[in-house]
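Below: the structure, in structure tokens.
4 protein chains.
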Amino acid sequence: MPGEYGETNKMKVAIVGSTGYGGVELIRLLQSHPYVEIASVISSSNAGTPIAEGFPHLTNIVVQDLDGVNAAEMAEKADVVFAATPSGVSSKLVPDLIEAGLKVIDLSGDFRIKDGGTYETWYKHPAPEQKYLEKAVYGLCEISGGNVIDASLISNPGCYPTATLLGLIPAVSAGWIDPKSIIIDAKSGVSGAGRGTSLTSHYAEINENFKAYKVNKHQHIPEIEQALAQAAGEPVTVTFTTQLVPMTRGIMSTMYAQMNGAYSDEDFVELYRQYYEGRNFVRVRNAGIWPATKEVFGSNYCDIGFAADARTGRVTIISVIDNMVKGAAGQAIQNLNLMMGWEENLGLGYTPVYP
Amino acid sequence: MPGEYGETNKMKVAIVGSTGYGGVELIRLLQSHPYVEIASVISSSNAGTPIAEGFPHLTNIVVQDLDGVNAAEMAEKADVVFAATPSGVSSKLVPDLIEAGLKVIDLSGDFRIKDGGTYETWYKHPAPEQKYLEKAVYGLCEISGGNVIDASLISNPGCYPTATLLGLIPAVSAGWIDPKSIIIDAKSGVSGAGRGTSLTSHYAEINENFKAYKVNKHQHIPEIEQALAQAAGEPVTVTFTTQLVPMTRGIMSTMYAQMNGAYSDEDFVELYRQYYEGRNFVRVRNAGIWPATKEVFGSNYCDIGFAADARTGRVTIISVIDNMVKGAAGQAIQNLNLMMGWEENLGLGYTPVYP
Amino acid sequence: MPGEYGETNKMKVAIVGSTGYGGVELIRLLQSHPYVEIASVISSSNAGTPIAEGFPHLTNIVVQDLDGVNAAEMAEKADVVFAATPSGVSSKLVPDLIEAGLKVIDLSGDFRIKDGGTYETWYKHPAPEQKYLEKAVYGLCEISGGNVIDASLISNPGCYPTATLLGLIPAVSAGWIDPKSIIIDAKSGVSGAGRGTSLTSHYAEINENFKAYKVNKHQHIPEIEQALAQAAGEPVTVTFTTQLVPMTRGIMSTMYAQMNGAYSDEDFVELYRQYYEGRNFVRVRNAGIWPATKEVFGSNYCDIGFAADARTGRVTIISVIDNMVKGAAGQAIQNLNLMMGWEENLGLGYTPVYP
Amino acid sequence: MPGEYGETNKMKVAIVGSTGYGGVELIRLLQSHPYVEIASVISSSNAGTPIAEGFPHLTNIVVQDLDGVNAAEMAEKADVVFAATPSGVSSKLVPDLIEAGLKVIDLSGDFRIKDGGTYETWYKHPAPEQKYLEKAVYGLCEISGGNVIDASLISNPGCYPTATLLGLIPAVSAGWIDPKSIIIDAKSGVSGAGRGTSLTSHYAEINENFKAYKVNKHQHIPEIEQALAQAAGEPVTVTFTTQLVPMTRGIMSTMYAQMNGAYSDEDFVELYRQYYEGRNFVRVRNAGIWPATKEVFGSNYCDIGFAADARTGRVTIISVIDNMVKGAAGQAIQNLNLMMGWEENLGLGYTPVYP
């Protein structure tokens, strides 16, 4: 299949949920993908109107009208569907798409948790059918990249889990930190909550404010624990705090763990650089330097830094991503690239926008 | 002395460092103090010019010219001096003021650490003379309130330590958490860094950015450890991360510790409400609710909430203050009130500005 | 009546619309009013629940439950009602309150426009009965202060009109500028749009964005034109642009007009200082200095500056207020003070919060 | 020459001022230019150190060390130089580069004003030699595009003039508005002031603040007047206000003028669409819709909307750009493309980053 598509024979994709932030970000990024053409932008509301009406930044860039949600129509128009739909919607839509012969990259949380019961405990609605859970490949690219080749259903990781797992897995896999001691203090910009309106996204409530929410209750917890358990070879339970930063984009995950030895910052830098060798989108900072969210703004990078503390025997790991890109649309495209056997950075060569 | 001063016989205070953020915040708050009159606003630069020239928000409110730094002059004009001067400056200035017979409330870090050697390790300049360190009373009002009565030198706590210690000490004192397990993930608005200009306070570098700094190296660490050790009755070493939030005011300290028992949120709420009974400025949120920084903006409150997690055996404690008020100028005035035997909330009855 | 109320015999007020931003700002400011007690906080929704549940910043400050909207009950509990209700609601509620014998200060636009037809053209719903329009006194304090004494219905000016009219009326009255040439470029923080949720107050849509809305269509236009016509002695038509600034509070009105003579900045400064002599809340900047919105944040000031340009024969007048205070709740309290014959700054002695 | 360079024979460029915001934005954008290679990144300070040290967002993207400022060296390494240097520096540097045989695109204000005396009045330092002023082509691409072909010195327009002139020139050229009546109320994000540190770029002073500066004194006034005079065929004098918005990027120019006829919004839309036909980077909004700065964030677009007001006979024109892109680095690259005879949007196909 890698040979099938190219600059002169572009692959056709459809985007469901095009009027959410994940959807418009896919549209932005796919503008520069050399092998892909957006065949259909789809929204359950507003079908029949130009997408640029609700998103004037797309004026003269995307001139298509929005299509309605219809699996058969998608199968006619496209080869691959990005489902940028909410949890609880994907679980119903994706099976239809699969059955219609489409390949699907799902950005919701619905196919990430392998155990349906665990899903239902945290998500509070019914899990998808087991056979689709089994079919779904968890697409944390730098960790599970190989598995997504030729997959027909990729479950794109959550924003918090992406930043957190890329920051923890090398150390857990190496046995350098005690998995039982992991504490994750995570912070996100507001776009992560989507375009829906509520008091918690009201400008006057968020601006000049910093607040915690869903402490120890966030639905990304089982996703993180599932992947860490795989790396550790034993069950892992984490303490996980989510907090809202008065900014639009960006996640920082600040992670704490007890070290199993007297490792230095330099040791961690070397371990991680080896682990991520050849993976362009993870950038490990030099010892003594920690990344800031703005340093990855608008791009697909995940930047990581360390502070190993001999005084306390703990290491602090800091990992940042743009939640809209590496934490959603960008990683979804990276997964498409890997699925198709293309170079993983096709269409993702964005330099961070700074300042 | 409580009888000496009042609405008709106001106490005269001088403010050194009036053109810094701590200084102008003292000026703002003291406008509504019924027993205090600002006799002199002092700055090492700009003496002889009206303070409203550099701070137009004070137009028609403070019409005095700035005075220069002169201990004898201060002693003539005032009874009490607020030293809102940087670390390294206070250590030299304060002894002169004391010797001139003034009472001093010092907002710098110079007199907080009882052990001169520890001070020098973290602050990287010489400690004040030992006799002044001994004379200085650490003024974390709700903890050490009684000690400051009639003190002649009060060392006003740091912003991070205030939020952190008010959040930790009741649990540490009660033996509910393991002091060895304490991890503090702290976040601050930019005003905490003062009015000096540098890349780290440049708008375009901070806006839409979240960044960590001085990880495990912040000079507030020994101040926190000193107070926790006192509460725990044993040495305490903490992991401490400081992070910059794109906002002007506000600190959140998110604190993690291993619980020594199966305590619930409600248990913590009750413990803390008892501990802080009668202390108006600490507000303990109901179980399941966590405070946000905007809920204390512009006011002297410290609001605290809890998330005790049976899954992990850890508790997450969240404490917020306005770094300029409870974290600096407000607590300094509260210390003045306590020192004078006045009601502690005189001049501090500000409702938070919301939104 | 001035003798009736005082610190020991506080006047009782009710606030309708207590869960909107105007309402909570009234609550904040009235905390420090020496002669006033809040007898009832009222909301059409949430009656029976504590107001601090929705506004945790009021924890331990306002412990009352919300009351429902009931004119008879208000008349029993209170002497004066602040109606912080939306346009279209006040027009129906206020007559009932008046008939129940209450004095009312209405913060909506419903009683500002003397001509019902003009009201309906701009507001798109029915005007109040003519007799209430006639009873209502327009309370732009520094201009119409005298008229509100003993009024039973005060119509509190709009936020944009307050900044704009305080900036224009002295020059128009003096005949220094041509009323036909007036262009007003106004900017506001987001709180002006209230606490209702919509895309236009969504954080991710507003942050790092500057946008115009309702250009030449804003309902504050007839209010501005009505007052300017009175000052000019002839009908006035203005060009008026409203724009949203990514901040919570603050309005700047930048105003342009052709000068009728060769006036200098200094001339304007002197004219305005004379005009506003004795009125504490208008502060006229020195020549060559223009006010910024942050210089009045949280306070009842309106600050004004000038740039008279000999090259073009035009003057630029810049006026700033905090839209929540001088543009709403603060001026409403100022109106109460004037109505009662009290000093106009009672309960309004807030120094701007800076930074 | 168009044939000379291409994907396999990239043109080599040098960037002087690489550590300023204009410089790093050139670096960001040029990453995706198919025909261009950055041969040298140059800074008067920090030569010899990796640029990614000061700009970690460039980690692994630009691995070069900074070069010092040396015309001969540049001539060896590069064909074209972007001078992203401050006014007063370019005037001295550019002649040396020209004499060394380089083509130069200068982003400063030094070569924009054809009359040296006018330059010195507004810029307060000596103008460049007259022969270089004459050689310089003013590169407002959509207006003067043809002139820059084969130019050896292009003077890249200022940020405010770009937004303003693209918004005014079609109407002035068509005689639809009276040039003598033009009033420009301009607003900019903070990045426009550069990376230098000062109180006016201090986060705590800018955040939650809106302020005017250099009212009627901004050095972009003569640049605007020079171009408008050319379009009008007579001298033009404008009223021009510059204001700082608490955001990083974005300029809105809100422009007012007396109409010479009874034109409607639709008339203006049609006039402007015809004027800019075939010019991809100017997008004219439909009648009744006005652009917001975020709708062009990170991109080279200039979006324009209208409000023609029959009540007042005036039109309000609203024009937005990203000051870093269309207002600086983007237009500079567009000028390079035009100079080389390439398609004007090469390397500039960035969809705005939204939200």
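Residue numbers (the UniProt record's numbering), protein chains in the order written: chain Y, 1 to 355; chain E, 1 to 355; chain F, 1 to 355; chain B, 1 to 355.
Just so you know, even glycine gets a beta-carbon here, dropped at the ideal spot from N, CA and C.
Remember, predicted model here, so these are calculated numbers, not experimental data.
Thinking just about the alpha-carbon of each residue, which of the options is nearest to the one in residue i?
i: aspartate 110(E); options: Glu99(E), Lys103(E), Tyr138(E), Gly101(E); result: Tyr138(E)
i: proline 56(Y); options: Asn335(B), Leu338(B), Gly347(B), Pro291(B); result: Pro291(B)
i: glutamate 266(B); options: Lys10(B), Gly305(B), Ile149(B), Ile184(B); result: Gly305(B)
i: glutamate 7(Y); options: Gly175(Y), Val36(Y), Leu30(Y); result: Val36(Y)
i: alanine 229(E); options: Leu271(E), Cys159(E), Pro179(E); result: Pro179(E)
i: lysine 92(F); options: Ala84(F), Pro128(F), Phe281(F); result: Pro128(F)
i: alanine 212(F); options: Gln31(F), Ser191(F), Asp185(F), Gly194(F); result: Asp185(F)
i: serine 152(B); options: Leu168(B), Tyr160(B), Glu134(B); result: Glu134(B)
i: valine 41(B); options: Ser155(B), Lys294(B), Val24(B), Thr241(B); result: Val24(B)
i: methionine 324(B); options: Val16(B), Ala39(B), Gly192(B); result: Gly192(B)
i: lysine 12(F); options: Leu336(F), Thr316(F), Tyr21(F); result: Leu336(F)
i: cysteine 141(F); options: Glu295(F), Phe268(F), Val80(F), Tyr276(F); result: Tyr276(F)
i: residue 359(E); options: Ala52(E), Ala78(E), Tyr256(E), Thr351(E); result: Outside the shown range of chain E, which is 1 to 355, sits residue 359(E), and nothing can be said about it.
i: alanine 231(E); options: Thr19(E), Ile27(E), Leu165(E); result: Leu165(E)
i: serine 155(Y); options: Ala171(Y), Ala136(Y), Ile143(Y); result: Ala136(Y)
Give the secondary structure of residue i by DSSP, where H, G and I count as helix, E and B as strand, and everything else as coil.
i: phenylalanine 55(B); result: coil
i: glutamine 258(F); result: strand
i: glutamate 343(B); result: coil
i: valine 245(B); result: coil
i: isoleucine 42(F); result: strand
i: leucine 165(B); result: helix
i: lysine 77(E); result: helix
i: alanine 332(F); result: helix
i: isoleucine 317(E); result: strand
i: alanine 174(E); result: coil
i: serine 91(Y); result: helix
i: lysine 236(B); result: Sequence check: residue 236(B) is valine here, not lysine. Coil, per DSSP.
i: leucine 338(B); result: helix
Is residue i near residue j, with beta carbons less than 7 Å apart?
i: glutamine 258(B); j: serine 181(B); result: yes
i: isoleucine 206(F); j: tyrosine 5(Y); result: no
i: valine 353(Y); j: glycine 298(B); result: yes
i: aspartate 303(E); j: arginine 283(E); result: yes
i: isoleucine 224(B); j: valine 238(B); result: yes
i: glycine 167(B); j: serine 253(B); result: yes
i: arginine 249(B); j: aspartate 322(B); result: yes
i: leucine 30(E); j: alanine 71(E); result: no
Can you find a heavy atom of the ligand ATP that lies under 6 Å from the Cβ of residue i?
i: phenylalanine 111(E); result: Of ligands this structure carries none, so the ligand ATP is not represented either.
Closer than 9 Å by beta-carbon distance: list the chain Y residues that pair up with residue i, in chain order.
i: glutamate 295(F); result: By Cβ distance, chain Y contributes nothing, its closest Cβ being about 17 Å from glutamate 295(F), past 9 Å.
Give the interface partners of residue i over in chain Y, defined as CB-CB distance under 8 Å, in chain order.
i: tyrosine 21(B); result: Pro355
i: proline 246(E); result: Val245, Pro246, Met247
i: glutamine 226(B); result: Result: empty, since nearest Cβ-Cβ is about 30 Å, beyond 8 Å.
Name, please, each residue of chain F whose Cβ falls closer than 8 Å to the Cβ of residue i.
i: arginine 28(Y); result: The contacting residues do not exist; arginine 28(Y) stays about 14 Å from chain F at best.
Against residue i, what residues of chain C qualify as contacts under a CB-to-CB distance less than 8 Å, listed in chain order?
i: valine 190(Y); result: No chain C is part of this structure, whose protein chains are labelled Y, E, F and B.
When Cβ atoms are compared, which residues of the stretch 40-67 of chain F fall closer than 8 Å to chain E?
Phe55, Pro56, His57, Leu58, Thr59, Asn60, Ile61
Any C-beta of chain F within less than 7 Å: which residues of the stretch 269-293 of chain Y qualify?
none
Going along the stretch 103-135 of chain F in order, which residues come within less than 8 Å of chain B, judged by CB to CB distance?
So the list is empty, because no residue satisfies the distance condition.
Closer than 7 Å between beta carbons: that is the criterion. Which residues of the stretch 198-222 of chain B meet it against chain E?
From the stretch 198-222 of chain B, only Ser198, Leu199, Ser201, His202, Tyr203, Ala204, Ile206, Asn207, Glu208 have a Cβ closer than 7 Å to chain E.
Quick one: which residues of the stretch 318-330 of chain E get their C-beta closer than 7 Å to a C-beta of chain Y? List them in chain order.
Ile318
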